[in-house]
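Residue numbers (the numbering used here), protein chains in the order written: chain A, 18 to 289; chain B, 12 to 500. The beta-carbon is built from N, C-alpha and C at its ideal position, and this holds for glycine as well.
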Amino acid sequence: MNKILSKKMFSEKVACLEVEAPLIARSRKAGHFVIVRIDERGERIPLTIADADIQKGTITLVVQAVGASSTRITQLEPGDVLHDVVGPLGHATDIQKYGTVVCCGGGVGVAPLYPIVKAMHEAGNRVIVVLAARTKDLIILEDEMRAASDEVIIMTDDGSYGTKGLVTNGVETVINREKVDKVVCIGPTIMMKFVALLTKKYDISTIVSLNTIMVDGTGMCGACRVSVGGKTKFVCVDGPEFDAHEVDFDEMMMRMRAYKADEVEAMSKLNA
Amino acid sequence: MTLEEIKALRSEPWREELRKAVSPKERGAIERVKMNELTPEYRVTTFTEEVNQGLTKEQALLEAKRCLDCADPSCMKGCPVSINIPTFIKNIERGEFLEAAHVLKETSSLPAVCGRVCPQEKQCESQCIKLKMKQQPVAIGYLERFAADYERESGQMQAPKCAPKNGKKVAVVGSGPSGLAFSADMIKLGYEVTVFEALHEIGGVLKYGIPEFRLPNKIVDAEINVLREMGVNFQPDVIVGKTISYDQLHEMGFDGIFVGSGAGLPRFMNIPGENAIGVMSSNEYLTRINLMGAGRGLGDTPVLKGKNVAVIGGGNTAMDSARTARRMGAERVMLVYRRSMDEMPARKEEVHHALEEGIEFMTLHNPIEYHADENGRVNEMVLQVMELGEPDASGRRSPVPVEGKTETLPADLVIVAVGVSPNPIIPNAISALETSRKGTIVVNEETLQSSVSDLFAGGDIVRGGATVILAMGDGRRAAANMHSYLSAR
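Okay, structure coming up:
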């Protein structure tokens, strides 16, 4: 049982939870994720760790309401408990001094990007963050990112904040302006696909963190498998980070739709 | 147990009397009992009701009479944990069912589980003297289950006695059969035992893998509860090597570590179309349904359903998957196996039950490609027709493709059950740990001690894929050897 200590709604569908998990807080590194189960009926959901506080023994999770279990998690309040939190899982990000690193993200992907931005910056890199969202209200963690990086570029689809345009426009602006040694991208699969295409054009090494469907998260089921460089990999034990230029994003997007119909049905039941 | 001890028990007056009461000839004339089963028509409509219903008292009393109570019981040699088989059976014969259960529990911490899932026909029963007499072997497995069930249902389940605490602590990684057997022996010896389990449920493969129609969860839980009563501390949601490191276990004061983390990674065949939606490992399929309650109205977790389901493989997991698919409402369930019926590694009983439940066996077929519809969902499989060639390293005749002969069949759900590889988390986390090319932990075959002296290992993480009872045997052997190692230190 893991108690929720505080909660912030980033948007109508996205909640940021500070959760008691002392052992995980101590052992986690940037890039790691956990599996969470809300209660006896809950699905096991993978969530990347957005932050941790060893002193307080807490980790921070950002959850987007997608299916029944994730929606119910976003409705929890401080004092409520998560039945299970297990981790940290996956490989940690390979943090090195690369030079100039562009960290870009969108949606809830910005949350797991944050510890990587911090760690890259602490490792002595010049870190430029590109945050993208449909509209101003959906930009999250802007202040935290500004405090942990050298520069933050905001992109919105509707131009309501920052520059009007997509994440790729923001990244390309930086590439045209200065030498970029590494790109890290976490966001919707389609966003990662286009960032990967862009940086391939410029031949810049790029990491993506994948958030596929998982059940156990420890390598047991293979639900999370993706093709990387023509080989089948398990996101939970081989990833979650991979060389963006090797990932078959089209196959991944197709596989992510496996339970779309079930999600829709579960949501309509939940709302009824 | 030494031969002298076995003989001493056998020469107790009540045993002598029992042997004299019925002549061997009369015992030989009794026919082997048949397990009471639910009808195939009914059982495919239920997930939780067991196919095998167990023996009645009368049936058990009669079956126990068939046992000749041999002076040198060969059946015990066939048992990986050397249960004192004649002693428990003779206790059944004299009507002391609880005593029979106690005899079982001296050596096996999970008798109700073993009575259900052990391949007795390859172990104890295969060594029964009656086979040499051209008779059917004693139904040892059925009787084991009877005694264990009787004790549980009597409400007089007794936790075995434990030695006074010896002040030493041991950690167990994984709560499957090997970890549970290890824990039972160590707690009896006076150790403080903590079991760390990665999943949210205790029981490992007994919970996520074996379906309830073969092994109900309440049976597993009852046996785990006995261990709890004995003082074993179970910690779910902890992954040793991730949540806590090997060094942290030492900081926490653990003197010895037993790793029974199992063979977690499912194998795939690396054929075109295998990543289509609707192609999944048997681990995923069974975990969703058994552990998460998918498709049974027990939770939020979904599972894909199919009209035409293909299960690839010929082991017990393949049978479990096929029979589960039938219960999930599939119209047609095909079991695709590349060799013939004779080479099939599944238990005979499972094959028999699967056939009764209408599973179509497509032996000498091997998938080579899957096709998908415009949404990426699998809709067809292409099968290569095979024939048997020369025997391979395993002694089984190896299948070879019949050139140019393929078949394409509709399949909207494909469950791949072609084996598993060892879970890499522990080997990756402890660099000094010696592993094999296959990724299993290398141990001394006698003592099960690894290259890291305070770490012992057993079950599938060492064997790469075996049975519940072999894993339990490992757990017991590791306990005995770790006890001598820690006592000498």
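C-beta atoms of A/Thr206 and A/Thr216 nearer than 8 Å: no
Beta-carbon proximity check, A/Tyr166 vs A/Val134, cutoff 8 Å: First, the amino acid is wrong: residue 166 of chain A is Ser here, not Tyr. Yes, these two residues count as a Cβ contact at 8 Å.
Which of helix, strand or coil DSSP assigns to A/Phe266: helix
Below-8 Å beta-carbon distance, B/Leu275 vs any chain A residue: Reading off the sequence, residue 275 of chain B comes out as Gly, not Leu. It does; some Cβ of chain A falls within 8 Å.
C-alpha distance - B/Lys289 paired with B/Lys318, whole-angstrom precision: Note that residue 289 of chain B is Gly in the sequence shown here, rather than Lys. So the two alpha carbons sit approximately 11 Å from each other.
B/Pro402, buried or exposed, once every other Cβ within 10 Å from all chains shown has been counted against 16: exposed
Contact under 8 Å by Cβ, B/Pro91 with B/Gly475: no
Cβ pair count under 8 Å reaching 3, the segment 122-136 of chain A against the segment 61-78 of chain A: yes
DSSP-derived helix/strand/coil call for B/Pro356: coil
Assumed close pair B/Val206, B/Gln246 - CB separation to whole angstroms, cut-off 8 Å: 7 Å
B/Arg163 vs B/Ala233 beta-carbon contact at 8 Å: yes
Proximity of A/Thr110 and A/Gly48 at Cβ, strictly below 8 Å: yes
Chain B contact residues for A/Ala283, given Cβ-Cβ distances below 9 Å: Asp311 and Pro313
B/Asn386 versus B/Tyr202 - alpha carbon distance: 56 Å
B/Ile426 classed as buried or exposed, judged by whether at least 16 other C-beta atoms fall within 10 angstroms: buried
Validate contact between the segment 228-238 of chain A and the segment 167-184 of chain A using beta carbons, cut 8 Å, 3 pairs: no
Contacts around A/Cys202, its chain only, beta-carbon distance under 6 Å, and the 5 residues preceding and following it disregarded: Cys121, Met209, Val212 and Val225
Assigned secondary structure, B/Val243 (DSSP; H/G/I helix, E/B strand, else coil): coil
Proximity test, Cβ basis, 8 Å: A/Ala85 and chain B: yes
Three-state secondary structure assigned by DSSP to B/Cys503: The structure shown has nothing for residue 503 of chain B, since chain B only spans 12 to 500.
Cβ contact (3+ pairs, closer than 8 Å) linking the segment 266-284 of chain B and the segment 373-382 of chain B: yes
Integer-rounded CB distance, given that B/Val479 should sit under 8 Å from B/Val124: 7 Å
Spatial neighbours of A/Val118 in its chain, beta-carbon cut-off 8 Å, leaving aside the 5 residues before and after: Met137, Asn142, Arg143, Val144, Ile145, Val197, Asp198, Lys199, Val200 and Val201
Residue interval of the beta strand (DSSP E) (run including A/Val119): Thr117 to Gly123
The segment 235-243 of chain A touching the segment 431-448 of chain B, judged by at least three CB pairs closer than 8 Å: yes
Runs of alpha helix (DSSP H) lying entirely within the segment 93-129 of chain B, each at least 4 residues, in chain order: 96-104, 108-118 and 122-128
For A/Ala109, the three-state DSSP class (helix, strand or coil): coil
Selection of the segment 431-456 of chain B by Cβ proximity to chain A, strictly under 7 Å: Asn434, Pro435 and Ile436
is_contact[B/Phe279, chain A] using C-beta, thresh 8 Å: yes
CB contact below 8 Å: A/Ala240 versus chain B: yes
Min CB distance B/Leu210 to chain A below 8 Å: yes
Best match in A/Gly96, A/Met26, A/Gln72 and A/Gly107 for proximity to A/Val79 [C-alpha to C-alpha]: A/Met26
Contact the segment 322-337 of chain B vs the segment 351-365 of chain B: 3+ CB pairs below 8 Å: yes
Rounded C-alpha distance that separates B/Val463 from B/Pro84: 38 Å
Contact with chain B by A/Ala109, beta-carbon distance below 8 Å: no
Whether B/Arg38 touches B/Lys68 by CB criterion (8 Å): no
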